[in-house]
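Q: What follows is a structure written as structure tokens; I'll ask about it next.
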Amino acid sequence: MGGQEAIRGFEYQFLRTLEYAFEAMLDTSSAVTGIYVESPPPSGPDDDSEAVDFAVYRNAECLIKAQVKTTGAAQFTASAAVAVLLRLISGPADTYLLLVTRPATGEFGNLCAALEGSGGSDKHFKDSLLSLVRRSNSVAEKLRQLDEEGWRRLRRCRIAIDNRSVFEIRRQMRETVRHLRRKYRTGSPGWDAAGLLLGHLLWDVLSAAADPGVPLIPLDSIRNALAMDDASLAAAVAGRKWALNVGAPPRLTDVARPELIDRIAETLVVPNPTPQVPVCVLHGLSGIGKTSLAAAWANDRSDDYAVIFWIDSATAESIDGSFRNVDRWIQANVQPQPVEQRLHARIQAGLARITVPWLIVFDNAPDSRHIKRWLPSAGVGHGIVTTTDPSSWNGAHIFKLEVPTMTESQAITLLLRRMRMGLESMPPKAQVIKLADHLLRWPLALELASAYLVDTHEGLAGMADYERLVRRALDDDDSIPPGYPSTLVGAVLLAMRRMERRGETDDAASVARMALRFAAFMQPRHIPFHLLMANVFVHPEEDVREVAHSFAAYSGADPPAGEILREMLRGSLVAIDAPIFGGVDERVTVQSFDFSVGMNEIVQEVIRNDVSRENAVAFVVTQAGYHSQRWLQHLIDADRHDLALVFKGHCVYLARAALRHDISNYATALLWGNAATALGLAEEWREAEVYLRAELAYLRSTNDRLSPTMAVGTYAQLALAIMRQAARAIDIVDEVCDLLDEVVAWHARATPADGASARTPTFGAFQVAYNLGVDLPDHRRVKDLAGVLLALVSRDDSADPKASVAMDVHSLGERLRANDNLNQLITDIELRLQDSAYMLHWTTLRRFSVEARMYKNQYGAAAAIVRDMSRYAALETFQYSDVETLLSNVAHHCLSFAAEGSADALEVLVETCNLAERYLAGGRALRPGDQARLDIVRAYLALYQTDFLAMIERLEGVNRRDVEAIESGRKVGVADVHWLMCRWVETLPEPVARAVGRSRD
């Protein structure tokens, strides 16, 4: 945050400068034309313009020269003040001003009084000043050398005492901004985004003007900024480096609700007077304006906050993704957090270390279930939550505020703005009030109604017909969700019906209507526009015959994509949203399908109910599910796992809908399978298993018509999901072996044409058997299946480059196990690390390199590689198997084969533990046995450092049965070290030994 801190160091100076500019604007008799920020042009060689912090001008005439001092009484004496004034008066001005924050006490107070009452004789004035600076010979000498003009200028000097804090000045100036907005902007409510505009004037206008060589700022340019419309203001602050937005904020609000802002201000006080973080929960039904109110608070207080974090809280997936963005910002801008901390702990610690006010907004939270643990516990910031469920939000520092419908004046303002009417063209007020009351002053209903009336060109004259049409649009009362006004539901349906009627003669409107029906079944935010177009234009049966799978998108010219989007936005049922991939990879552009829209949840629910009444849910979910999984599959096939993890939320949303509505077909089976793949990348195996079992149920129902490749992939993935969740291999070995038998059987049915696509999942099945064999080395069925599956993959000569790469990596692993020509092996590994085809196997190859170097006792090189790997261990793309295997093998080597007391070997072990803990910091978890292994290794390292207390604390959490479940194949290993340490602890005095003894059970 260095850049922000630097400009905020000038904040008091800029605030006072702007305050004088505002005073000139408020004074109708003022002749001020502009201001300089820092160093106006010198009038001559003796003019010390560097002493000037700001200057007020009337054309070419300097009215005020000022310096600003923020210092205490001990550091700023009467002599120091006179020294500053002597520099200021070196050039001409009507008034010279010294603005200080210290109290007017002692000789400094006497100086203030002398300057204020400088109407006495020249001799008395001179004698008074000389007496006050007597302790400073240099200042006194400069006074004595002043000519008569200098003394006349000193008489025009003033010292202004300002005891206000920066926060108090900001609050007062926000109100001045509102007043001036009302004065200069026609039709402005005089409230909107005061802090945003004040921040723009401070950090964009004045800060830029402080650079050397920048000319005077005309007062007219400040007036023009105050008169900016909302779109111009949004554009002006888009790239700001103050009040930074981390995450995608909602669109700017443009209708004042000051009574609610005042209520929030009662809870969120700046500066925060407590060490705890207060949280204001804004609750109310969808469309009532909760998100707009949160955005309004952020805009109105943008000058107070250094950074604003926006958390998309609709789903667990979106929350996790948002906090990874927050974590990246904290790691780059705040003190980096220790690698052993998990993501949640790292976020909490990072927020607590930010020294300037910040705001975190949890937008669109269904309830507190996934949010409460993320609420910041300490820091100088504030929290806001928007939710439809207030019941689950309770706590000492949680304050709830119900968001009501708009007031009459607010509803009128919104209607007039949306209908593009100014006060000068306003129809009879009674008409506007009647329409607002009919819509119960519900913000979303007002938006929809005004959009409809503008679209029909009827304006308020069509209000009676609109009311009748809304009622007609409601087929039955059962279609109204509980708590929502019927007019809101009717307004949504009427907008859809109008789009349907337009679609009879306008292709763009027809496409837009269909796109909105698909959007209603996806996540509310970041819905890719081109994905909606694919749903409309490309039928799965046609698309599945395509050989090359990529993003399915609309590239037609009739109707143009722009016309379709305009129709979608026309009725205010959707809004343009932030790019879905923009926060992850700046190389992804609008042209590469990043453009997206968002839809309010109540709009989604109403449209879903409408689709359900038409018995079209199965069609919509099937179509949307097919194309969503195809996008996901393309990202996975392209090895863009980072983007796949961002996109998976839409697939999971649709996969749940398919299960909920019992929609089982080829498209939803593909959806379940690819959603499970993405969940597997994020180590979310429990939900992945649910979808794989649903996919398997569909496959078994089709049997003979089933694609062998699809069956091989599903059985292999399900085996992997079950194995990854198991605490002990022995508990699931039979079920997994049954699934692997199915892989073998279905592989036998594959035709030569299927071979290429069947080879990769078959190799995945082999890896499951291979890893089971590590835990169960004497299990005959596992050993046999591993051999059969490897033989199937080895004799398959199909051209599948991914399978070939995977097989090659496996062969390197076998050479490592055989300790075969390690020098050549290390060379071969390094060559493959430089080949982009091996990118997905980067961690595995690096692990091999570590183990090979340890066999050669090159511990320093091995430790350096692990240390480098740790930089990436918290990323979602870092795989569990590599963490678990590296920890297992390094621990086994160090505890079994390394030279006794080898500090270099133990350094590798330390770095490996750090890597595992960095992995955990990414929000993941280890299986009980692997966690126990990590705890035992940490205990061993503590023992080596004679930190017996740390050793005992680690051992207390270990269950020996967990260790034995994963170490049963080791002749000597972690389990034995655990036993030895526990036996040693038993020799210690009670009660320490008794506490540690529990870990042996």
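Numbering follows numbering that gives the first Met the number 0, in which position 400 of the sequence shown is assigned residue number 399; successive positions increment by one, without gaps. Glycine included, C-beta positions come from ideal geometry on N, C-alpha and C. Just so it is clear, the structure is predicted and the values come from calculations on it, not from any experiment.
Does the beta-carbon of L196 have 16 or more other beta-carbons within 10 angstroms, so that it is buried, or is it exposed?
A: Classification of L196: buried, given that the 10 Å Cβ count is 16 or more.
Q: As an exercise, report each continuous alpha helix (DSSP H) stretch of at least 4 residues that is fully enclosed by the region 789-871, in chain order.
A: Runs of the alpha helix (DSSP H) inside the region 789-871: 800-816, 821-832, 841-854 and 858-869.
Q: Could you check which residue in D219, S285, W357 and M498 has the C-alpha nearest to that of Q1004?
A: Absent from the structure is residue 1004, since the part of the chain shown begins at 0 and ends at 1000.
Q: Using a Cβ distance threshold of 8 Å, determine whether the region 864-871 contacts the region 662-678, with at least three qualifying pairs required.
A: Judged by Cβ distances under 8 Å, the region 864-871 makes no contact with the region 662-678, as fewer than three pairs qualify.
Q: How would you write the range of the alpha helix (DSSP H) that F517 sits in, first residue to last?
A: Where F517 is concerned, the enclosing alpha helix (DSSP H) stretches over D506 to A518.
Q: Pick out whichever of M853, R852, L832 and G119 has its Cα sitting closest to the Cα of L844.
A: That would be L832, whose Cα lies nearest to the Cα of L844.
Q: Can you grab the Cα-Cα spacing for the pair A637 / I662, in whole Å?
A: Approximately 29 Å, taken between the alpha carbons.
Q: Identify every run of the alpha helix (DSSP H) within the region 306-375, keeping only runs that are complete inside it and at least 4 residues long; order them along the chain.
A: You should have 315-332 and 342-352.
Q: Which residues does DSSP list as the beta-bridge partners of T386?
A: In DSSP, T386 forms a bridge with H282 and A364.
Q: Taking the straight line between their C-alpha atoms, what separation do you get for H977 and L954?
A: Distance between the alpha carbons of H977 and L954 is about 8 Å.
Q: For W150 versus D126, is the C-beta spacing smaller than 8 Å?
A: Against a cut-off of 8 Å, the Cβ pair of D126 and W150 comes out as no contact.
Q: Where DSSP assigns a beta bridge to Y56, which residues make up the other side?
A: Answer is G33 and C61, bridged to Y56.
Q: Which class does E985 belong to by DSSP, given the choice of helix, strand or coil?
A: Residue state, collapsed to three classes: coil.
Q: One question on the structure: do M462 and K433 come within less than 8 Å of each other, judged by their Cβ atoms?
A: Yes, they are a contact pair.
Q: Compute the distance between the beta-carbons of I216 and G33, then report whether it is under 8 Å.
A: Yes, Cβ-Cβ distance for I216 and G33 is below 8 Å.
Q: Give the DSSP bridge partners of D638, in chain order.
A: Per DSSP, none; premise fails for D638.
Q: In three-state DSSP terms, what is P217?
A: The answer is strand: DSSP assigns P217 an E or B state.
Q: Which value, in whole angstroms, describes the spacing of the CA atoms of T588 and I579?
A: Unreliable placement is indicated for T588, whose pLDDT of 42 sits below 50; no coordinate value is reported for it.
Q: Spell out the partners DSSP gives F398 in its beta bridges.
A: DSSP, once it has assigned bridges, lists C279 as partnering F398.
Q: Counting pairs of Cβ atoms below 8 Å between the region 222-229 and the region 317-336, do you hit three or more?
A: No contact exists between the region 222-229 and the region 317-336.
Q: With distances taken from CA atoms, which of S367, V510, D319 and D52 is nearest H282?
A: Checked all of S367, V510, D319 and D52; the closest Cα to H282 is S367.
Q: Go ahead and pull the three-state DSSP assignment for A109.
A: Ala is not the amino acid found at residue 109; the sequence shown has Asn there. Helix.
Q: Starting from S595 and walking both ways along the beta strand (DSSP E), at which residues does that stretch end?
A: S595 to G597 is the extent of the beta strand (DSSP E) around S595.
Q: Indicate the three-state DSSP secondary structure (helix, strand or coil) for I160 in the structure shown.
A: Three-state DSSP puts I160 in a strand.
Q: Take the Cβ of T486 as the centre, count every other Cβ of all protein chains shown within 10 Å, and call the residue buried at 16 or more, exposed below.
A: By the 10 Å Cβ count, T486 comes out buried.
Q: What does the alpha-carbon distance come out to for the pair G555 and M532?
A: One C-alpha to the other measures close to 10 Å.
Q: If we ignore side chains and look at the alpha-carbon of each, how far apart do Y837 and V808 end up?
A: Using only the alpha carbons, I get a separation of about 9 Å.
Q: By Cβ distance, which residues of its chain are closer than 7 Å to L414, with the 5 residues on each side in sequence left out?
A: Counting only Cβ-Cβ distances below 7 Å, and skipping sequence neighbours, we find V431, L434, A435, L445 and S449.
Q: Count the other C-beta atoms from every protein chain shown that fall within 10 angstroms of the C-beta of E916, then say buried if there are 16 or more, exposed otherwise.
A: When all chains shown are included, E916 counts as buried.
Q: Over the uninterrupted beta strand (DSSP E) stretch that includes V245, give me the two end residues.
A: L243 to V245 is the span of the beta strand (DSSP E), which, as asked, contains V245.
Q: Out of D203, D827, P257 and A728, which one is the CA nearest neighbour of D961?
A: Comparing Cα positions, the closest option is A728.
Q: Exposed or buried, what is N162 when buried is set at 16 or more other beta-carbons lying within 10 Å of its beta-carbon?
A: Exposed: under 16 other Cβ atoms inside 10 Å.
Q: M980: buried (16+ other C-beta within 10 angstroms of its C-beta) or exposed?
A: So M980 ends up on the buried side.
Q: Would you decide whether G624 is buried or exposed? Buried here means 16 or more other CB atoms lie within 10 Å of its CB.
A: Buried is the call here.
Q: Apart from the five residues just before and just after E906, which ones in its own chain have a Cβ nearer than 7 Å to its Cβ?
A: Closer than 7 Å at the Cβ level, and outside the excluded window around E906, lie Y858 and A862.
Q: Could you work out which residue in V81, L87, D45 and L894 is closest to C61 when comparing CA atoms only?
A: Here the closest residue by C-alpha is L87.
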